[in-house]
Each structure stands twice: as C-alpha cells, then as structure tokens.
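Q: Handing you this structure, nothing more for now.
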Amino acid sequence: MTLPEKAAIVKDSVDYVAGDVKLPGEFEGSNFVEHIERTYQCFRTLRSNQHRDCFCKIVVTSSTNMADVMDVVEQISDYISCVILQPVTQHTRATDIQTILSLQENLLEIKNTLIIPQTHKMWGCL
Numbered sequence: 063m064t065l066p067e068k069a070a071i072v073k074d075s076v077d078y079v080a081g082d083v084k085l086p087g088e089f090e091g092s093n094f095v096e097h098i099e100r101t102y103q104c105f106r107t108l109r110s111n112q113h114r115d116c117f118c119k120i121v122v123t124s125s126t127n128m129a130d131v132m133d134v135v136e137q138i139s140d141y142i143s144c145v146i147l148q149p150v151t152q153h154t155r156a157t158d159i160q161t162i163l164s165l166q167e168n169l170l171e172i173k174n175t176l177i178i179p180q181t182h183k184m185w186g187c188l
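Everything in the sequence shown is counted per the numbering used here, starting at 63 for the first residue and increasing by one.
Here it is, written out as structure tokens:
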C-alpha cells in the first residue's frame, strides 16, 4: 500500500480496501520515512466512507515493536474502520499470546481491533 498515485486512480472503483502496513522491523528498503509517508497517503486516499470500507492489517512477530504499531494506528485511525493484527504462526518468529492480547487491548482505545492468525500458513497454502 505504497502507491498513492495508483490509489487515486482506483479509489472510486473499490468497495473494500485491505491495506497492509510494513513496520520498521519488517521493512527491507532504504528509505522507511518515504515508505511510511506513502502508506499514510494511500490510507488517506482510500479512506473508509459511506461507499467504501478500508481496514489495516499488521503482521506481528516476536520482534515487532509495539510502540511502532501504536504510532501507525494513531496516524491512520481516522481513515480505517478497524485494525487486523495478524500474528505470525511460524514458531521461530511467533510472539506470545499475552503480547498480542495486550496490544489489542491498547489498540481498542483507538480503533476496533481484531486478531486473525495467518491461516494460509497453517493450511500449508504458502
């Protein structure tokens, strides 16, 4: 979700937007600030309204900085209907359930927040 010029083209043609956010710990590029600003711009363009639902999905690993998650959600909370936390299911990168539940509890103060695990990994699809 880092192509705001493309978001502007499709904004009137989509009813649902599932926007992924890459946090600093998962970002593999060279300019995170530009990346996250472009992400925010996409959320502003594709924001939830009476004709469109826009939500945010954030993958959570054992190395996810919870403050980064809170910062991102605070930046986009006016543009989304909810947050989907997607805990990684691989044992080597998985975070503990208490951390996920605590993060959800904190995020619920800002925006409706759901936890949906990476079922495609559990089913062996990827």
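For each residue, glycine too, the CB sits at the ideal point set by N, CA and C.
The model shown is predicted, which means the values in this text are computed figures rather than measured ones.
Between which two residues does the beta strand (DSSP E) carrying F117 extend?
A: 115-122
Q: Report all residues from its chain with a CB closer than 6 Å to the CB of S75; omit the five preceding and five following residues, and keep chain order.
A: Contacts found: none.
Q: Between which two residues does the beta strand (DSSP E) holding I172 run?
A: Neither: I172 is in no beta strand (DSSP E) and is coded neither H nor E.
Q: Using C-beta distances below 7 Å, list every residue in its chain close to A80, excluding the 5 sequence neighbours before and after it, in chain order.
A: F117, K119
Q: How far does the beta strand (DSSP E) with A80 in it extend, from its first residue to its last?
A: 78-82
Q: Can you give me the Cβ contacts of T123 inside the same chain, cut-off strictly under 7 Å, excluding the 5 residues immediately before and after it?
A: Excluding residues within five positions, the ones whose Cβ falls inside 7 Å are V150, R155, T157.
Q: Residues in the same chain with beta-carbon distance under 6 Å from C104, minus the five sequence neighbours each way, listed in chain order, please.
A: M63, P66, A69
Q: Could you check if Q160 is buried or exposed, using at least 16 other CB atoms within 10 Å of its CB as the buried criterion?
A: exposed
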